[in-house]
Amino acid sequence: MTRPDRSRPSYATVSHFLVPTGHRIVRKKPGPKRLLSCKSERRIIRAVSVDALTSGQVVHELHLQCSARTVRRTLQAAGFLRYKRVSRKPSLSYDNIRKRLAFATAFIAKPMAFWHQVVFSDEKIWSCDGPFGSSQRWVDCRAKSSSYARRQHSGGGKVHMWAGMSLRGLTMAVFVEGGLNAVKYQQVLLEALLPFGLEMYDFNYTFQQDNAPAHTANSTKAWLDALGVTVLPWPARSLDLNPIENIWGVLPRVVYRKGRQFARVAELKAVVLAAWATVAQKYVVPLLESMPRRLQAVLDARGHHTKY
Numbered sequence: 008m009t010r011p012d013r014s015r016p017s018y019a020t021v022s023h024f025l026v027p028t029g030h031r032i033v034r035k036k037p038g039p040k041r042l043l044s045c046k047s048e049r050r051i052i053r054a055v056s057v058d059a060l061t062s063g064q065v066v067h068e069l070h071l072q073c074s075a076r077t078v079r080r081t082l083q084a085a086g087f088l089r090y091k092r093v094s095r096k097p098s099l100s101y102d103n104i105r106k107r108l109a110f111a112t113a114f115i116a117k118p119m120a121f122w123h124q125v126v127f128s129d130e131k132i133w134s135c136d137g138p139f140g141s142s143q144r145w146v147d148c149r150a151k152s153s154s155y156a157r158r159q160h161s162g163g164g165k166v167h168m169w170a171g172m173s174l175r176g177l178t179m180a181v182f183v184e185g186g187l188n189a190v191k192y193q194q195v196l197l198e199a200l201l202p203f204g205l206e207m208y209d210f211n212y213t214f215q216q217d218n219a220p221a222h223t224a225n226s227t228k229a230w231l232d233a234l235g236v237t238v239l240p241w242p243a244r245s246l247d248l249n250p251i252e253n254i255w256g257v258l259p260r261v262v263y264r265k266g267r268q269f270a271r272v273a274e275l276k277a278v279v280l281a282a283w284a285t286v287a288q289k290y291v292v293p294l295l296e297s298m299p300r301r302l303q304a305v306l307d308a309r310g311h312h313t314k315y
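Dropping the structure here:
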């Protein structure tokens, strides 16, 4: 076959030489002109992978002459980008990772009977306007780094709630007006934890709490010690180890179902208490049974965040 006397032969020239050889000729169908060049597509992918921009922000920041929908189609066509919910988990320092590993190593061999004697606790802030933002963005699945966002609690129209759970059931949920300090926290435990521990365990239980300032205050430590309450040495920033955090993930779906909002805090409190009393109980046993798996996941992740 004689090569056409051109450096870049036209389609008609190539077809002329292929027809005698029996090759099938697939004619290119006409279509609209591409809105984005290959360079623009690479810039779009870089913008969402590195700078975590939304499709609308990409159009504005890169001064593109196309719609946000076109940007989203480009990202979907890339194959390695996925639009997913950002996990709201705190960042971990080297010291946090080290302590998480030490905790998992020390308690991985504990039998389930030990965890059945633990009362897990936590606070939750509820807002009249709806759940705290569950942000989403495009995530580069090729990157090893996860998409985490710190949890921020601020603003008005909110109520602070404390609650606890164990194999024997749920503690009373207590609402706190304003911020939670050591004095208010001790009063909450006096109203909810101590009666629960006396009735369900005859004070033979272990109390779990995180490392919030009100929890680790010297006055709180001395108060719990004077009452003979055994406190579990909990590693900081370990939401994935506390099973009650998973209940905090379920209850908002009930409280704010179908985008429900509340005009008054009293109305919000009533709905939250009803959800706590009816919905939370069925999750207690499965979540407590997951404690060995949670500890093993921390060891497998070498102290970093886990799927829990």
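All residue numbers in the sequence shown are consecutive under the numbering used here, ending with 315.
Beta carbons: idealized from backbone N, C-alpha and C, even for Gly.
Only a predicted model underlies this, so the values are computations on that prediction, with no experimental measurement involved.
* Asked: When DSSP builds the beta bridges, which residues end up paired with lysine 131?
  -> Bridge partners of lysine 131: Met168.
* Reducing DSSP to helix, strand and coil, say where valine 190 ends up. => helix
* So who's on the other strand from phenylalanine 214, going by DSSP bridges? -> Note: phenylalanine 214 sits in a beta bridge opposite Val126 and Val238.
* C-alpha gap between valine 236 and valine 66, whole angstroms -> 58 Å
* Sorry if obvious, but does the Cβ on valine 305 come closer than 7 Å to a heavy atom of the ligand NAD? -> Absence of the ligand NAD is noted for the structure shown, with no ligands found whatsoever.
* Asked: Is it a yes or a no for the stretch 94 to 110 touching the stretch 237 to 253, going by three-plus beta-carbon pairs under 8 Å?
  -> yes
* Give the secondary structure of arginine 49 by DSSP, where H, G and I count as helix, E and B as strand, and everything else as coil. => helix
* **alanine 54 and leucine 69 closer than 8 Å at C-beta** => In terms of Cβ geometry, alanine 54 and leucine 69 form a close pair [threshold 8 Å].
* To do: Just grab the DSSP bridge partners of glycine 176 for me.
  => Ser173
* **For leucine 71 and arginine 89, the rounded distance between their alpha carbons** => 22 Å
* Spatial distance of aspartate 307 from proline 39 (CA atoms) -> A direct Cα-Cα distance of roughly 51 Å separates aspartate 307 from proline 39.
* Might you give, ordered along the chain, the residues of its own chain that have their beta carbon closer than 6 Å to the beta carbon of valine 272, omitting 5 neighbours on each side? => Val166
* Three-state secondary structure (DSSP) of valine 286 -> Looking at valine 286 - three-state DSSP - the assignment turns out to be coil, as it is neither helix nor strand.
* Would you call the CB atoms of glutamine 215 and valine 286 closer than 8 Å? -> Between glutamine 215 and valine 286, the C-beta spacing is not below 8 Å.
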